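S.K.:
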Amino acid sequence: MEKQNKDEIEKQDGKDQNIDLTILNETAKAAKMGLESIHYLEEKISNPKMKKQLSDQYTDYSQIVDRVNEQFKQYGEIPDPAPIKTKMMSYMGIQMNTMTDQSPSHIAELLMQGNYMGIIECQKLLNHNPYAKEEVKNILTDFQKLQENNIQTMKEFL
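Residue numbering for the sequence shown follows our numbering, starting at 3 and increasing by one per position.
(1) Could you check the C-alpha separation between residue 38 and residue 131 for me, to the nearest Å?
(2) Residues in the same chain with beta-carbon distance under 7 angstroms from residue 155, minus the five sequence neighbours each way, listed in chain order, please.
(3) Determine, using beta carbons only, whether residue 25 and residue 138 come nearer to each other than 7 angstroms.
(4) For residue 78, does the three-state DSSP call read helix, strand or coil?
(5) In this structure, does DSSP put residue 47 in helix, strand or coil?
(6) With burial defined as no fewer than 16 other Cβ atoms inside 10 Å of the residue's Cβ, what is the status of residue 114: buried or exposed?
(7) Suppose contacts are defined by Cβ-Cβ distances below 7 angstroms. Is residue 117 in contact with residue 153 by that definition?
(8) Which class does residue 131 belong to by DSSP, given the choice of helix, strand or coil?
(9) Spatial neighbours of residue 4 within its chain, please: CB distance less than 8 angstroms, with the 5 preceding and 5 following residues excluded, ordered by chain position.
(10) Considering Cα atoms alone, identify which of 43, 119, 142 is closest to residue 2.
(11) Determine, using beta carbons only, whether residue 125 and residue 46 come nearer to each other than 7 angstroms.
(12) Once you ignore the five residues that flank residue 109 on each side, which residues in its own chain have a CB closer than 8 angstroms to its CB?
(13) Is the beta carbon of residue 61 closer than 7 angstroms to that of residue 145?
(14) So the alpha helix (DSSP H) residue 148 belongs to, where does it begin and stop?
So this is what it looks like as structure tokens:
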């Protein structure tokens, strides 16, 4: 009986670790996508106030990536790299969407749409993984709040 309980605990610990690593990987991919999107848009923005807002957002995304990387170190792992196809699709999507309209309003709308998608994914991860470690859930919750704040700051440019 005692051995069975130990085995169940080990299975649960392994399962939790997999959940945590999955959440951390998804968070890392999304935060890096935010960094890349801002980088791709940087040259298209002429509004100084918007540039400042995006610079601040870039810093915030970088801090999330740093926190995720610290958690990965605790597991002796590294985050999965984002697929090249995803990066290329993001780059091409931004190029196509800003080809004829580089107005602050249009760029704000694109950024807000990306952040809304991120919020939805964060909430799904939180809802479907109640047994994730608190530290991991805290990073995910902070990332979700960051995206909510990004939407609020972009509203003034619509």
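Think of the CB as a built atom: it goes at the ideal place given N, C-alpha and C, for glycine as much as any other residue. In this text, all values refer to a predicted model and were calculated from it rather than measured experimentally.
M.R.: Inspection of the coordinates gives the following:
(1) 27 angstroms
(2) 55
(3) yes
(4) coil
(5) Under the three-state reduction of DSSP output, residue 47 falls in the coil class, being neither helix nor strand.
(6) buried
(7) yes
(8) Residue 131 falls in the coil class under three-state DSSP.
(9) With a pLDDT of 45 at residue 4, under the threshold of 50, the modelled position of that residue is not reliable, and the figure given next carries that caveat. Answer for residue 4: no residue qualifies.
(10) Only positions 3 to 160 of the chain appear in this structure, which leaves residue 2 out of reach.
(11) no
(12) 43, 46, 47, 52, 100, 159
(13) no
(14) 136-157
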